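Enquirer:
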Amino acid sequence: MPITRRMLLATTAALPVLRAAHAAGTVASAPPAAPQRPVTDNIFGTRITDPYRWMETPHSAEFMAYLKAQGAYARSVFDRIPGRDKLAQAIAHYTGGLTGTRNPQAAGGKLFLEVRPAKAETYKLTVRDLPDGQPRILLDPEAGAAGKKRAINYWQVSPDGARVAFGMSEAGSEDASLRFVESATARVLPDTISRAQFGGPSWSDDNQSVAFNRLSGTDRTALDYYSRSVNWLHKLGTPESQDVKLLAQGEYASVPLNDIEAPFVSFTPGSGIALASIQNGVQNELTLYTAPANELGKPGTPWKCVCTEKDKITNVTQRGDELYLLTYDGAPRYKLLRTSAAKPAVKSAVTVVPESEYLLDAPLAARDAIYLTGRDSRGLGVLRRLMKDGTIERLSLPMEGSINSPYADPTQDGIWFQLASWTKAPILCRCGADGKIVTTDFAPPAPYDTTDYESETVLVPARDGVHVPLSILYKKGAPRDGARPTIITAYGSYGLSIDPEFASRYFAWLDLGGVFAVAHVRGGGELGRAWYEAGRKETKPNTWHDLIDCAEYMIAQKWTSPKTLGIEGTSAGGITVGRALTERPDLFAVVFSRVGVSNAARSEFSPNGPPNVPEFGSVKDPKTAHALLAMDALHHVKKGTIYPSVVLTTGLQDPRVSPWEPGKMAAALQASGSPNPVVLRVESEGGHGIGSTRSQFDDEYADLFAFALWRMGDPRFQPKSG
């Protein structure tokens, strides 16, 4: 299975708070005052002064002490809010009763599935014999962890189902090593290969060897940590020194690679032709090559170019000698091309699925058909399939919602996938060659009634006349009195979309009279390629303007008011909420920036910065430098401005957004003179949120919701004076 940018961009950012930062009975009365040591840059004629550049020194004692003090202050703030612990119990009621499932894979007559049992903390990798065998646990991150927080980052089953290649990391670092486990015995093999953060393992047809990506850098704080990665072939039972180099910078003249391009080689069962996918940082467009699988690793491997970035290919699937390429070239809602893997020619590739009313997300090759996931005009999932005779059939889904975790294998008929909606728990489905979709019982229904919750999607007219989809979730009968506590979340980067998912943690918020909304702003992928391009680089202001316009719509429609309105953004969503905060501080009561990009003009000087240059641009490039300055929230903070109450979060092991970004933003807001609280929530054993346990997610949301209700004036959440 070729690596996709969605794998590289996977974020589930939710962080537990640092709880042991202060002794019982003591309260941090104020956040620490950060020293100001101004550094001035001249960026193509614009002079920018940064008072907090000193924070960019990785793991300096001064910065670590600053973060610890910020974490202590944040904890003291949250702990003083009455109702916070009761709210945490309510959230745990909704999340703890669920059995979570994700990422099905089938091989060797077995189904492999990540499962988080009811009340469990982490997802475990399970296996069961099909059709109705009992599940067994293959990998449990909690087993033998000695209290450390561990998570499975990725995994791939061998074609015969006998083994699983996997990566596991600690403390949210995502710093995974490649390991292997036997499906019959659950025995973890001794083979261990470090620096396999993205891995992307792909098994050869003999079930004995795995191609994988390995980082070359060893210093996680270095600017070039993600540069010049290499794809290797490892044979089970052999020492790492005998691994065969398949692709690397300078290895083959026919496959040129720049520093941040990461090679991923994949094998397709029964094909005999290997596919190399070159990922240029987080860029959408792929460069692809093919070569005979039996020629890999040899001098002069005959790699043939399938496409380059200029061909606008964003996804690929393979079946035998057939390559199916997803492209937006002349088709902003995407179309599907077919060419030969042995003799690729994208310029003469045949269009087999033309652009249509349905947004085409991804093709997946199965033996009986090419399955096509997508969305309709309402943002709801659509499943179609391209039959071998060229006909396209739309399949009837058992419920309306979004399609997640689709899996198909070119040697097997059908597809596995999950369906979920805002108010209905995920169900695991299987579609066979007959086109009938069966709902499995592998994920039991939610043990509580959700019929009291409603959702609707409206189109909000933005300031330039474009209509922005806005999903609204609320409890039946919620009055439109202009006073509903409301949180709007938004993202708007990389062409990724926020699709409907079961909003279990938000049910506790709705029960308290709150409203939850999702602004599907430009820069995301909800409405296709044009929607993405309309919120990227020079057009990035549309992203936060859309959020502002959606907020004003919620106020105009009497859902809420500036006194009871909050916004939330995670990771790159920190740009969205950060600039909405600095552009319209009068519009919001509360702002949550979770592991958020807050200093966009300096992001590229962090280890994960160079891979993100294709998405946001570079301050070294006059074409994008001023766009980066425009999206930099830190440099738009002004003294003397009354800002909303703000919570920022970070994890010390975060490999994606360096802690100094939220650290700087917290310092700037705290020094602005605004009377409202600004807290920086710090997790010493967490990262970007990937790998957080269920309780850690619950703990975070209890803090955020309680903080919001306090600042929005809910009498149940007002701390006692003094």
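Quick note: the sequence shown uses my numbering, first residue 665, plus one each step. Beta carbons: idealized from backbone N, C-alpha and C, even for Gly. None of the values given here were measured: they were computed from a predicted structure.
Give me the residue from VAL1185, LYS1139, SER1338 and VAL1310 with the minimum Cα distance to PHE1256.
Expert: VAL1310
Enquirer: Buried or exposed: where does LEU1083 fall if 16 or more other Cβ atoms within 10 Å of its Cβ makes it buried?
Expert: With 16 or more Cβ atoms within 10 Å of its Cβ, LEU1083 is classed as buried.
Enquirer: Grab the span of the alpha helix (DSSP H) containing ASN871 for me, first residue to last.
Expert: Per DSSP, ASN871 belongs to no alpha helix (DSSP H) and is neither H nor E.
Enquirer: For GLU1019, which of helix, strand or coil comes out of DSSP?
Expert: Collapsing the DSSP output to three states places GLU1019 in coil.
Enquirer: How is GLY1377 classed by DSSP in three states: helix, strand or coil?
Expert: In the three-state DSSP reduction, GLY1377 falls in the coil class, being neither helix nor strand.
Enquirer: Which residue's Cα is closest to the Cα of VAL894: PHE862, ASP1175 and VAL1321?
Expert: PHE862
Enquirer: If you scan the region 982 to 1063 from start to end, which runs of the beta strand (DSSP E) of 3 or more residues do you find wholly inside it?
Expert: 986 to 991, 999 to 1004, 1014 to 1017, 1023 to 1029, 1033 to 1039, 1045 to 1051 and 1056 to 1059
Enquirer: How long is the line joining the alpha carbons of GLY1230 and SER1135, rounded to whole angstroms?
Expert: About 15 Å.
Enquirer: Could you check what DSSP says for GLN753 in three-state terms: helix, strand or coil?
Expert: helix
Enquirer: Taking the beta strand (DSSP E) that TYR1071 belongs to, which residues open and close that run?
Expert: Counting along the chain, the beta strand (DSSP E) containing TYR1071 begins and ends at 1066 to 1071.
Enquirer: Which residue wins for smallest C-alpha separation from GLU834, given the options GLN872, GLY1355, ARG711 and GLY1192?
Expert: GLY1355
Enquirer: Below 8 Å between beta carbons: does that hold for GLY864 and PRO1074?
Expert: The answer is no: Cβ separation not under 8 Å.
Enquirer: Do you know offhand how far PHE1166's Cα is from THR710's?
Expert: 45 Å
Enquirer: Using the beta-carbon count (16 or more within 10 Å), is GLN753 buried or exposed?
Expert: GLN753 comes out exposed.
Enquirer: ASP975 and VAL919: beta carbons closer than 8 Å?
Expert: No, Cβ-Cβ distance for ASP975 and VAL919 is not below 8 Å.
Enquirer: Below 6 Å CB to CB, which residues in the same chain sit around GLY984 once its five sequence neighbours on both sides are set aside?
Expert: SER935
Enquirer: Along the chain, where does the alpha helix (DSSP H) that runs through ARG1193 open and close?
Expert: Element bounds for ARG1193: 1193 to 1197.
Enquirer: With SER1168 as the anchor, note down where its alpha helix (DSSP H) starts and where it stops.
Expert: Where SER1168 is concerned, the enclosing alpha helix (DSSP H) stretches over 1168 to 1175.
Enquirer: Using a Cβ-Cβ cut-off of 7 Å (strictly less than) and excluding sequence neighbours within five positions of GLN1076, which residues of its own chain qualify?
Expert: ALA770, ALA1030 and ARG1031
Enquirer: From ALA875 to VAL929, what does the alpha carbon distance come to, in whole angstroms?
Expert: 6 Å
Enquirer: Using three-state DSSP, classify GLN1076 as helix, strand or coil.
Expert: DSSP places GLN1076 in coil when its eight states are reduced to three.
Enquirer: Compare the beta carbon distance of THR1314 and LEU1344 with 8 Å and say whether it is the shorter of the two.
Expert: Yes, the pair counts as a contact, with Cβ atoms nearer than the cut-off.
Enquirer: Specify the secondary structure class of GLY1315 as computed by DSSP and reduced to three states.
Expert: strand
Enquirer: Skipping 5 residues on each side, what residues in its chain have a beta carbon closer than 8 Å to that of ASN871?
Expert: Here the set comprises SER822, PRO823, ASP824, ALA826 and ARG827.
Enquirer: Do GLU949 and ARG1358 have their beta-carbon atoms positioned less than 8 Å apart in this structure?
Expert: no
Enquirer: So ARG814 and PRO805 are supposed to be a Cβ contact under 8 Å. How far apart are they, rounded?
Expert: 4 Å
Enquirer: Rank ARG1248, ALA1331 and GLY811 by C-alpha distance to the C-alpha of LEU1216 and give the top, closest one.
Expert: First, the amino acid is wrong: residue 1216 is Glu here, not Leu. Out of ARG1248, ALA1331 and GLY811, ARG1248 has the C-alpha closest to the C-alpha of GLU1216.
Enquirer: Considering only C-alpha positions, which residue in the set GLY747, GLY914, HIS723 and MET719 is nearest to PHE1371?
Expert: GLY747
Enquirer: Quick one: using the 10 Å Cβ neighbour count with 16 as the cut-off for buried, is THR704 buried or exposed?
Expert: exposed
Enquirer: Quick check on the DSSP output: the beta strand (DSSP E) that includes GLN943 runs from which residue to which?
Expert: 937 to 944
Enquirer: Mapping DSSP to helix, strand and coil, what is THR885?
Expert: coil
Enquirer: Closer than 8 Å is the cut-off here; do at least three beta carbon pairs connect the region 980 to 996 with the region 957 to 965?
Expert: no
Enquirer: Closest to ARG1058 by CA distance: which of PRO1090, ILE1091, ILE1101 and GLY1043 is it?
Expert: Looking from the CA of ARG1058, the closest CA among PRO1090, ILE1091, ILE1101 and GLY1043 belongs to ILE1101.
Enquirer: In whole angstroms, what separates the C-alpha of ARG780 from that of ASP796?
Expert: 19 Å
Enquirer: Could you please give me the residues that DSSP links to ARG711 through a beta bridge?
Expert: Its beta-bridge partners are ASN706.
Enquirer: Use the C-beta contact count for MET1218: other C-beta atoms within 10 angstroms, 16 or more gives buried, fewer gives exposed.
Expert: buried
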